[in-house]
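All remarks here apply to the structure that follows.
Numbering (this note's numbering), first residue to last: 259 to 396.
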């Protein structure tokens with residue numbers, strides 16, 4: 259009975275605050291913003307997912323799609339340490355940044371997040387001895 263009440267309450271909140279609609283709209287905005295970043299930087303090989311579950315594949319070369327494993331770890335570490343944004347890493351080569359924001363994530367939050375992400379990409383070429391960095395735990 260308690261679990262059923264909690265589930266019904268959650269469904270009520272999802273409906274009342276239109277959180278599914280928000281996830282679709284803000285998720286679409288995230289895809290658009292990441293596509294714009296991809297056009298400006300050579301680090302993004304692919305952007306996939308839907309709603310609030312996205313994967314940003316980082317590569318060293320967009321033609322060969324060489325995985326950017328160390329770079330992905332660096333980006334996730336900087337997002338966490340400098341910008342206080344939690345992401346995770348996935349993929350066979352551990353070069354996919356996984357984005358799973360909360361249901362209440364706003365369009366303003368999306369713009370801020372992608373701005374921070376892009377700042378990390380801009381910093382990548384200046385990082386010396388990237389391969390010596392510790393792997394980011396996810």
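Every residue, glycine too, gets a C-beta built ideally from N, C-alpha and C.
Could you name the residues of the same chain whose beta carbon sits closer than 6 Å to that of residue i, not counting the 5 residues immediately before and after it, in chain order?
i: residue 284; result: 363, 365 and 368
i: residue 381; result: none
i: residue 299; result: 379
i: residue 359; result: 310
i: residue 274; result: none
Should residue i and residue j be called a contact, given that it needs their Cβ atoms to be closer than 8 Å?
i: residue 291; j: residue 372; result: yes
i: residue 370; j: residue 295; result: no
i: residue 307; j: residue 320; result: no
i: residue 316; j: residue 260; result: no
i: residue 301; j: residue 264; result: no
So, under 8 Å CB-CB, residue i and residue j are touching, yes? Tell me the CB distance rounded to an integer number of Å.
i: residue 330; j: residue 353; result: 5 Å
i: residue 277; j: residue 357; result: Contact flag wrong, Cβ pair sits at about 17 Å.
When we look at the beta-carbon of residue i and count the other beta-carbons within 10 Å, is it buried (16 or more) or exposed?
i: residue 350; result: exposed
i: residue 333; result: buried
i: residue 378; result: buried
i: residue 384; result: exposed
Pull the bridge partners of residue i from the DSSP assignment, please.
i: residue 348; result: 354
i: residue 312; result: 307 and 357
i: residue 325; result: 317
i: residue 302; result: 316
Apart from the five residues just before and just after residue i, which ones in its own chain have a Cβ nearer than 7 Å to its Cβ?
i: residue 281; result: 309, 310 and 361
i: residue 344; result: 338
i: residue 293; result: 305
i: residue 374; result: 337, 341 and 343
i: residue 268; result: none
For residue i, collect the residues of the same chain with a Cβ closer than 8 Å to its Cβ; drop the 5 residues on either side in sequence, then sort them by chain order.
i: residue 270; result: none
Given 7 Å as the limit, tell me if residue i has its C-beta closer than that to any heavy atom belonging to the ligand MG.
i: residue 275; result: Absence of the ligand MG is noted for the structure shown, with no ligands found whatsoever.
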